[in-house]
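Taking my numbering, the leading residue of the first sequence gets 478, the next gets one more, and so forth.
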Amino acid sequence: MQGFAQRVFKLIAQVPEGQVVTYGSIARALGEPQGARMVGWAMHQCPEGLPWYRVLNSQGRVSLPGEGGALQRSLLEDEGVEFDERDRVDLARYLWDAEAEYAE
DNA sequence: GTCGTGACCGACT
DNA sequence: GAGTCGGCCACGA
């Protein structure tokens, strides 16, 4: 087994283009329903080459402070993910089912 | 070994 | 919709 962060990164690396996952989904997919907070911590380590911008909070909103949020939004829009007037993503449409799709 | 911190979540008011 | 509260775990000082 590897560290929690390693598993988080591995899962995020599997998120297909044009889709997103939520911190909660990641936590549950890793068998830690209450571990969303650790996912946030793991994201802070954010290795290069990881599609970190495909990770949103449970409300479909980006949770990065400052410019990171704007960057994340534009990167997603670049992949075809649409944001509504409230800066939220339609999770019912773009959410990647990590619990069902994540392998290993 | 202990304490504080964190890109969160769900339930409740 | 917005604000508050408790809970969970890993990491660095």
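Note that the Cβ used here is the ideal one computed from N, Cα and C, for glycine as well.
Residue closest to residue i, alpha-carbon to alpha-carbon, out of the options
i: Gly-495; options: Arg-514, Trp-529, Ala-577; result: Trp-529
i: Gln-483; options: Glu-544, Leu-548, His-521, Leu-572; result: His-521
i: Phe-481; options: Val-492, Glu-509, Ala-490, Pro-493; result: Glu-509
Boundaries (first-last residue) of the alpha helix (DSSP H) holding residue i
i: Asp-513; result: The sequence as given places Ala at residue 513; Asp does not occur at that position. First-last of the alpha helix (DSSP H) with Ala-513: 513–522.
i: Val-485; result: 481–490
i: Leu-568; result: 568–571
i: Glu-525; result: From DSSP, Glu-525 is part of no alpha helix (DSSP H); its letter is neither H nor E.
Distance, residue j Cα to residue i Cα
i: Gly-557; j: Asp-564; result: 14 Å
i: Arg-550; j: Gln-479; result: 31 Å
i: Ala-575; j: Leu-533; result: 13 Å
Neighbourhood of residue i by C-beta distance below 6 Å, restricted to the same chain and skipping five residues each side
i: Val-516; result: Val-485, Tyr-500, Ile-503, Ala-504
8 Å CB neighbourhood of residue i in its chain, flanking five on each side removed
i: Glu-554; result: Phe-560
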